[in-house]
Amino acid sequence: MRRCGLDVALVLLFAVGCGAGGPARRGPGSYAQAVDSVTATCERDPALCAVLSGKEAGASLQRRAVEAASAVKAWEELDARVQKRIEDILVECAKRADAEVNRREFGGRHPTREECSEVVGGTRENPRTRGMRLGDAKHALALQCSEEELGQAFPGRYGLEQRYRLHPDSRQLERIRHERELEMLRAGGKELAGSVIPDVVIHTGNPLQAQLVYDFKFPCPHTNPPSWRTYPHGHPLGVHNQGAAYHEVFGVMPRLVNPKGFPP
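Take the sequence shown: its letter number 99 is residue 99 in the working numbering, and every next letter is one higher.
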């Protein structure tokens with residue numbers, strides 16, 4: 001049975017954790033006293049007033065800088081309980097997807113190494129194995145489950161299979177919407193070089209403020225350790241695998257999700 005109270009509490013923690021941090025707000029009385037104090041000093045000594053005003057301006061700028069830095073740190077970090085809840089959801093979705101496909105294909109058992117290696121399509125140069133087909137089916141179910149569960153627990157704070165890149169000129173994170181992606185593909189696809197499509201991105205509500213990045217992996221056979229897809233030499237981002245590409249683009253350490261949890 002779903003623990004609704006816990007989910008609501010976690011959503012509140014999520015919202016607070018993503019808000020801008022800063023010093024505690026003083027009550028109206030304190031503020032009024034501070035203003036009155038400066039005003040009285042200005043009336044008594046105009047010269048000293050100018051000095052105090054300058055100090056107050058400097059203090060105000062310093063305070064704003066501290067608040068801005070706190071805000072950046074706040075959206076970069078998630079409460080540990082919120083992150084655990086997110087990761088519990090993703091692992092559970094991976095388990096469900098794995099179990100459902102195995103039930104349909106093998107009566108509930110895991111496929112053998114020989115079954116995983118069986119060629120079921122593709123070309124001689126690029127054969128498609130049964131393990132690949134099973135992985136695609138499990139991947140689709142895991143994403144469907146994630147949409148349902150994250151949509152209930154953390155609405156508006158995640159994205160699934162969205163394409164991102166570092167803009168070639170500004171090197172700032174950019175999300176490429178589907179319509180724009182199709183335009184780029186029709187133009188030859190060169191602008192998509194170095195872009196990435198993670199399975200799950202957790203963000204602050206602003207898709208460009210990524211906090212966590214995940215990919216589902218379904219090794220076949222299941223005894224194989226999950227791993228990032230490797231890239232050939234000369235990748236546009238100068239990296240050698242998928243995980244390193246995610247880190248380069250988002251600036252956060254990505255994690256692999258599989259039915260057993262998270263690899264060490």
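Beta carbons are placed, not taken as given, at the ideal position from N, Cα and C, and that holds for glycine.
With a 10 Å radius around its C-beta and 16 neighbouring C-beta atoms as the bar for buried, classify F154 as buried or exposed.
buried
Got a sec? Which residues, its chain only, sit under 7 Å from P226 by beta carbon, not counting five neighbours each side?
Residues K217, P219, L256, N258, P263 of the same chain have their beta carbon placed closer than 7 Å to that of P226, with the five preceding and five following residues left out of the count.
Could you tell me if K84 is buried or exposed, where buried requires 16 or more neighbouring beta carbons within 10 angstroms of its beta carbon?
exposed
Give a yes or no on whether the C-beta atoms belonging to T299 and V120 are separated by under 8 Å.
For the chain, the structure presents residues 1 to 264; residue 299 sits outside this window and is missing.
What does a CB cutoff of less than 6 Å around G122 pick up in its chain, not counting 5 residues either side in sequence?
If we look at G122 and ignore the five residues flanking it on each side, its Cβ neighbours are R128.
Suppose contacts are defined by Cβ-Cβ distances below 8 Å. Is R133 in contact with H203 by that definition?
In this structure, H203 does not lie closer than 8 Å to R133 by Cβ.
Kindly list the residues whose CB is nearer than 7 Å to the CB of C93, restricted to its own chain and excluding five residues on each side of it in sequence; keep chain order.
A142, C145, S146, E149
Could you have a look at H139 and say whether DSSP puts it in helix, strand or coil?
Look at H139 here: in three-state DSSP terms it is helix.
Rounded to the nearest angstrom, what separates T230 and R165 at their Cα positions?
18 Å
Count the other C-beta atoms from every protein chain shown that fall within 10 angstroms of the C-beta of S195, then say buried if there are 16 or more, exposed otherwise.
buried
Excluding five sequence neighbours on each side, which residues of the same chain lie with their C-beta closer than 7 Å to the C-beta of E118?
T129, R130
In this structure, what does DSSP give as the bridge partners for D215?
L256
Restricting to Cα atoms, I'd like to know which of A137, E87, H110, R171 is closest to F250.
Residue R171 holds the alpha-carbon nearest to the alpha-carbon of F250 among A137, E87, H110, R171.
Cutting at 7 Å between CB atoms, please list the residues of its own chain near L160, excluding the five before and the five after it.
L143, S146, E147, D199, V200
How far does the beta strand (DSSP E) with H110 in it extend, from its first residue to its last?
Annotation: H110 is outside any beta strand (DSSP E) and is labelled neither H nor E by DSSP.
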